[in-house]
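**Student:** Residue numbers (the numbering used here), protein chains in the order written: chain H, 1 to 315; chain P, 1 to 219; chain R, 1 to 162; chain U, 1 to 670.
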Amino acid sequence: MSATGIAVAMLQVVLTIAAAPLLVGMMRLVRARLEGRVGAPIRQPWRDLRKLLRKERMVSANTGWVFSIAPLVLLASAALVAGIVPFLSTRSALDQVGDLFAVVYLLLLGTVFLSLAGLDAGTAFGGMGASREMTIAAIAEPTVLVAIFALSVSTGSSNLGAIVAATLAHPSTAASPESLLAFAALAVVTIAETGRIPVDNPATHLELTMIHEAMILEYSGPDLAMVELAAHLRLVVFLGLLANLFVPWGIATTVQPLHLAAAAAAVAIKLVALAATIAAIEVFIAKVRLFRVPELLAASFVLAFLAVTASFFLA
Amino acid sequence: MNDTAFVQLLDIAAGLVLVTSFAALWLRRLVAVARVIAVQGVALAAVAFVIGLYEHENELVAVSLMVGALRGVVLPGLILRAVRAGDERREVESLINVPAALLAASGLTLIAYAATRDVVALSSTPQVRALPLGVAVMLIGMLLIVTRRKAVLQIMGVLMLDNGIALVMFLGTSGVPLAVELGIASDVLLAMFILQVLTSRIRNKFGGTDLDQLRELRD
Amino acid sequence: MLKLLRKIVRTGRVTETIPHGAGPQPFLGAPDPLRGSLQVRQVDAGSCNGCEAEFAAAFGPVYDAERFGVRLVASPRHADALVVTGPVTRNMAEPLMKAWEATPGPKLVIALGDCARDCGVFAGGYGVAGSVADVVPVDLEILGCPPAPADIVAALRRIVGS
Amino acid sequence: MVGFSLALAAVAAALAMAAGAALPMRARVLWVGVLTALSAAAGGAAAVAVLAGSGTFTANYPNLFPLGGVRLEFDALSAIFVLATAVVAVPASIYGIGYSAHGPASRPVQIAFPLLVWSVMMVPAAGNVTGLIAFWELMALSSLVVVLAEHHHNTEARTAAQWYAAMTHLSLLAIVLALIVLARQAGGDSFADIRLGVHQVGPISAGVVFLLTLVGFGAKAGVVPFHVWLPRAHPEAPSHASALMSGAMVKLGVYGLVRVGWDLLGGGPVWWGAVVVVVGLVSAMFGILHALIASDLKRLLAYSTTENIGLIFIGVGAAGMFASSGNRTLAAVALAAAMLHVVNHAAFKGLLFLGAGSILSATGTRDLDRLGGLARRMPVTAATFAVGSLAIAALPPLNGFVSEWLLLQSLVHSLPSSAAVVAVAMPVAVAVVALTGGLAAATFVKAFGTAFLAMPRTAEADQAHESPRTMQIGLVALSGVCIALALAPTVFAAPLQRVALAVGGLADGRPIHTNGVYLQLSGIQAGLSPLLLAVGLMVMIVAALAVVRRGRVRRTIRDIPAWGCGRTVQTARMEYTATSFAEPLQRVFDDVLHPEIDIDVDHRTESRHYVQAIRYRMHIRDGFEHRLYLPLLAAVRRWGDRARAVQNGSIHRYLAYSLVTLIVVLVVSR
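1. Quick one: which chain P residues come within Cβ less than 7 Å of U/A420?
2. Does the stretch 308 to 320 of chain U come within contact of the stretch 271 to 284 of chain U, defined as at least 3 CB pairs closer than 8 Å?
3. Using 8 Å for Cβ pairs, my map puts U/S529 next to H/Q96. What's the rounded Cβ distance?
4. Using a Cβ-Cβ cut-off of 7 Å, state whether U/V424 counts as contacting chain P.
5. State buried or exposed for U/W272, treating a residue as buried only when at least 16 other CB atoms are found within 10 Å of its CB.
6. Use the C-beta contact count for R/H78: other C-beta atoms within 10 angstroms, 16 or more gives buried, fewer gives exposed.
7. Quick one: which chain R residues come within Cβ less than 8 Å of H/G36?
8. Per the DSSP calculation, U/D602 is bridged to which residue(s)?
9. So, helix, strand or coil for U/L340, using DSSP?
10. Relative to the C-alpha of U/L478, which candidate in U/L545, U/H652, U/V499, U/G350 has its C-alpha closest?
11. I need the straight-line Cα distance from U/A382 to U/V82, nearest angstrom please.
12. Identify the contact partners of R/R77 in chain H, using a Cβ-Cβ distance below 8 Å as the criterion.
13. Can the beta-carbon of U/A12 be found less than 7 Å from the beta-carbon of U/S39?
14. What distance in whole Å lies between the Cβ atoms of U/S171 and U/V223, which are believed to be in contact at a cut-off of 8 Å?
15. Under the three-state reduction of DSSP, which class applies to U/I560: helix, strand or coil?
16. Please confirm whether R/P146 and R/C115 have their CB atoms less than 7 Å apart.
17. In chain H, what lies closer than 9 Å to U/C565 by C-beta?
18. On the DSSP letters alone, give me the boundaries of the beta strand (DSSP E) that U/F57 sits inside.
19. How is U/H234 classed by DSSP in three states: helix, strand or coil?
20. For the beta strand (DSSP E) containing H/I191, name the first residue and the last one.
21. Please check if any C-beta of chain P sits within less than 7 Å of the C-beta of H/F313.
22. Which residues, in chain order, does the stretch 81 to 95 of chain R contribute to contact with chain U at a C-beta distance below 7 Å?
23. Can you check whether the CB of R/V128 is closer than 7 Å to the CB of R/T89?
24. Where are the beta strand (DSSP E) runs, 3 residues long or more, that stay fully inside the stretch 77 to 157 of chain P, in chain order?
25. Put U/V445 into one of helix, strand or coil per three-state DSSP.
26. Would the beta-carbon of U/A464 fall within 7 Å of that of U/L374?
27. Should the stretch 257 to 265 of chain H be regarded as contacting the stretch 30 to 45 of chain H, the criterion being three or more beta carbon pairs within less than 8 Å?
28. Let me check understanding here. Comparing Cα to Cα, which of H/I281, H/V308, H/A310 lies closest to H/M27?
29. Taking 7 Å as the CB-CB limit, is P/I96 close to chain H?
30. Just mark U/A52 as buried or exposed, buried being the case when its beta carbon has 16 or more other beta carbons within 10 Å.
31. Does any residue of chain R have a CB that is nearer than 7 Å to the CB of H/G39?
32. Can you pull the DSSP bridge partners for R/D44?
33. Indicate whether at least one CB of chain R lies closer than 7 Å to the CB of U/T715.
34. Looking only at C-alpha atoms, which of H/F113, H/P86, H/A18 sits nearest to H/T254?
35. With a threshold of 8 Å, are at least 3 pairs of Cβ atoms found where one atom belongs to the stretch 82 to 96 of chain U and the other to the stretch 235 to 247 of chain U?
36. How about U/G98 and U/P468: are their beta carbons less than 7 Å apart?
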């Protein structure tokens, strides 16, 4: 583990945290423009977070230590993942610390803590959100791991740096059926895990339809700021994984500042394009009923599964 | 067209044929299923087109254009008309639920791969390596026929089955003679007409084509 | 889908622009952290739903309150301001109190509509506990029966200061 | 050193049994606990010595039994299982001191527990067929006594013991048959002789021996369809004994399978591994689904044991498949994953059972729907149970994640060049492992969340209090083990190589490389450093705290009512229960679980339009028990009734039976 590697990892974490609320602001803006509105400025999520940090923190009598540490664990796991995922360079020091499996399970760690916090609130809606979140997390898991399986068959490793490097070395694999199928599968999971339409509606006010929002009804002030920031970060991490695993061009394979700056620009363009696409699609579709979500995830599982069979047999 | 590009295009087109058959199991609206089958027909034509271009067989290219017109436009168009003509509910009614059907189809795909392993081992051309896809599409077409209740969907299943057979032929023999394809196409067309006439008769007589109700006809 | 896309393209932007130089008169009681970001929890304390309709319109495409950093939230824990409508009925007095207690400070209460201010035509009704100010401390009142969306947006702008 | 430790373990166990028989109650509980812990620690020391490389220890006691002697052969494979036993037995024994004071302090249990610990450690140490069977039976009987501990006031314990006795003897029967056939054909009783003579065993006999082994040891391991005794016996046994049974005893099923199938028989065709993988897949899925819907905490843990044994079987079976198709390096990785999971599961499942025991003794119930709010009342139990829950849900940076990671790596890197059956099995295996991982996370969020968080749902839960000091020591020790195993799995690199070498028919080479911090696998380009992951998480948490503290948080307001959407009363009845938490997932898997739902609606007498009461009952049965065992039992009963006709009390008929038997014997033996 070299000092430059650690520096790259820290840089990634800081930049991702800085960019995540902006990306969410951009998605809200795209949505607003398609709805014929002006919309809030892109920096609005940062303003909201700054304000939340200056508000009171309220802790109800029912809750215990789980409620208090859950936002920290959620945010820390998302931030750590932001250091592992190759956003800027394949030379991040954290690349050897954890591979794609570690990334998936770290994100699950955050989900688990948030669900526990939802239960700890002791309200009906907190438990409801927790139960739904774990349901979706559990049935999304096979899709994610099987998609990783497909990726690591064609590249020979589950390490993120290695996958990216392999795609860079053989550009044609990016358009092979297995990586297209795996991309589609992971895209569906990304939408499910980050609570976007059609699985969950991030802007809903009706408790009965909530998933993510129901768990955090009890959080306020700085705790809420951490939960929100973590949700933004997770969105960026998932989108960044999609972008850089399948279309890695532009990423730096060195640690020279110039290359890193170019890589930052490249990944920013990819993220904006992906996020804008998702936001635009959301305008066109409605949220599905909760009990139809398993069908959606089953379909994504089938895509991942086909990706594995394709990589086994067509290769 | 160089080799890599050929392999990629072939795999993507053949993969699309398989993915559309999964989509046909997944979708609920009859109209959407019919459209997906149209896409499948176009993808199938693309397979033949790519092979024809790569191997410089003008006959195959011609066949591919015909296949595209027939299976991508004409037959699905007929089905769409049949769907729109029926005043019954335009939703798929299935004997098994969607996730189960999808998992079953994944299982069938694995079986197709396992069953064709020996054939694939004989030759290593990209066409032959994609052969299991065709077999899988055939099996999924049969699954569709077996598990769905409406006669219209059975017709779509037959068409998918036939698409699978055509895919196997294109991949396995590197080009079907024009005459054979013409013969098969006319057979399918004929079958479609007969089925359509039958379903409309049934509908006129009994007001629906739910197969479970067709059991009443046996005496 | 294509139909919707065509509609989007053809409609374009419908939000009314704010006349130039019509900056809001700052509301002096607004706490500093709330500049530029205001999360609102709406509480219907017994309204006829006229105010709700106008309030919803304020967040619609034409008035678009969201462009000033105002957003509706689902829980008072997330909120900076409670927008209360209607005369407070007996059954809603306690929930309103609870919602106010559940809101983390610094917080504001905005009474929306004439009923919220003085119970309007419902004053003295057997089911009415009183105006909003009788139950929770009110910081800002928006008058009208119901108030126009433009007035609502103007009042919200006084808090966020933009 | 190894010999001395094993002798010490035996002496301590004997003393503990003597203490259990002779001393008065208070002293009895204390001394049994201390001496059993000493015995287990001595066994653990021997295991550590062998794993560290002191070589295989052998000893011979030829005249112990009339017909055959006992031979001890303590190699690395034995050692890893003995280590797993020691990991759970030492804390469980100490925990038992406090736990037994309010419960199972009777003489039979206090004698049986040390015997159980010792026999569980001696089964892997046995070096011949006679010894293995003798220790096995000793283990079965002592555990049966423990399951029966509370039979006086609990009829459930009696049925549980009947199921357990039946399954354990089915298991013994199959094992004895398998080993006798093997010993006979290979021409020797000791394992060394069998290894030498195994080439004389034909492929068909080898297959039969393997299948019998799978049935026999699988029944002990609690894999589907032999799992039925687990969810009955584990809840009824005293909790520290459940911890030992679930954490260590069932693992001996895995030990037996590996020892006989891949060490003594030296491995076989691909289908051996494939069968084990399939059994593992079914067990993992079935176990976790039933754990998910269980609301009895100990039943949940028992089903989760079936799931984890399933995962270990997947590892072992995959290793077998890889070895048979020629990829012995990958086989070593898969075996390493399975063996590491054996140790890890011993630690966290032991911990969870001890935690369940603490809850049981504090509240008197195991029903999650009647618990809640214990985190504030039992902070030590809550914190340790949280560690166990995170570990068993395979979440980083805890130890369950490390073994699950290894398992996934070995499955994912089965290259397309291998046999068709491998290529078909591996995607399915990865999907099932992933789904079990996700469902396990949901299950343990449910278990921890409904037992410990929010408000208590009943008065018993409200009046709960932290358990005695000795029980806390057991809990803290085991969670310490979990954390240590999580942060430093690298110390297992060399021992796991020794285990791989000990199983000659399966693997060779060094599965794991390490430079102290990183885990690296041979033949696979993938790395992991659980230690640095943990450090990274801590750094991020500290950084987040620092940033948030620096913001001008005005103040923290505590002890206010929760926001219940303005409802005037907010009671614990409104919380999600364990059953409601699992409901969406149960609905997803309706086709597998087949819940039976009854809804009774009572109308008011005045009008049918007004409802008086609605009763909703949902019951989910164990499909295998319902469809396989109950019909089987009914059939046995019918045959039994029929057989009674044979026995009608007439002395003439009995004499006629003797005559017929004599004639048959004469004819057959000629």
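Glycine residues also receive a C-beta, built at the ideal position from the N, C-alpha and C atoms.
**Tutor:** Based on what the coordinates show:
1. Ordered by position in chain P, the residues that pass the 7 Å Cβ test against U/A420 are A114, R117.
2. Between the stretch 308 to 320 of chain U and the stretch 271 to 284 of chain U, the count of C-beta pairs closer than 8 Å reaches three or more; the two stretches touch.
3. Contact between U/S529 and H/Q96 holds, with the beta-carbon distance rounding to 7 Å and staying under 8 Å.
4. Yes, U/V424 counts as interfacial toward chain P.
5. So U/W272 counts as buried.
6. Taking all protein chains in view, the Cβ of R/H78 is crowded by 16 or more other Cβ atoms within 10 Å, so the residue is classified as buried.
7. Per Cβ cutoff of 8 Å: I8, T11, G12, R13, V14, T15, P61.
8. Beta-bridge partners assigned by DSSP to U/D602: U/A613.
9. DSSP, read as helix, strand or coil, puts U/L340 in helix.
10. When each option's Cα is compared against that of U/L478, the closest is U/G350.
11. The straight-line gap separating the alpha-carbon atoms of U/A382 and U/V82 is approximately 29 Å.
12. Those are M58, L217, E218, Y219, S220, L224, listed as they occur along chain H.
13. Their beta carbons are under 7 Å apart, which means U/A12 touches U/S39 by this criterion.
14. Cβ atoms of U/V223 and U/S171 stay farther apart than 8 Å, at about 11 Å.
15. U/I560 carries a strand assignment under DSSP once its states are collapsed to helix, strand and coil.
16. It is not a contact, given that the beta carbons lie outside the stated cut-off.
17. Result: T123, A124, F125, E207, L217.
18. U/F57 -> beta strand (DSSP E) spans 57 to 61.
19. Of the three classes helix, strand and coil, the one that applies to U/H234 here is helix, per DSSP.
20. Looking at the DSSP string, H/I191 is not in any beta strand (DSSP E); the run it does join, the alpha helix (DSSP H), is 177 to 193.
21. It does; some Cβ of chain P falls within 7 Å.
22. Listed by position, the residues of the stretch 81 to 95 of chain R near chain U (Cβ gap below 7 Å) are E94, P95.
23. The Cβ atoms of R/T89 and R/V128 lie closer than 7 Å to each other.
24. List check, beta strand (DSSP E) in window: nothing returned.
25. Looking at U/V445 - three-state DSSP - the assignment turns out to be helix.
26. U/L374 sits close to U/A464, with the two beta carbons spaced by under 7 Å.
27. Note that the stretch 257 to 265 of chain H does not touch the stretch 30 to 45 of chain H; fewer than 3 beta-carbon pairs, one per stretch, sit closer than 8 Å.
28. Between H/M27 and the set H/I281, H/V308, H/A310, the nearest pair of CA atoms involves H/I281.
29. No - not a single Cβ of chain H is within 7 Å of the one on P/I96.
30. Here U/A52 is exposed: its Cβ has fewer than 16 other Cβ atoms, across all protein chains shown, within 10 Å.
31. Interface residue, yes.
32. Note: R/D44 sits in a beta bridge opposite R/T85.
33. Past the boundaries of the shown model lies residue 715 of chain U; chain U is included only from 1 to 670, so the question cannot be answered.
34. Of the candidates H/F113, H/P86, H/A18, the one whose C-alpha sits nearest the C-alpha of H/T254 is H/P86.
35. Contact holds: three or more Cβ-Cβ distances are below 8 Å.
36. Their beta carbons are under 7 Å apart, which means U/G98 touches U/P468 by this criterion.
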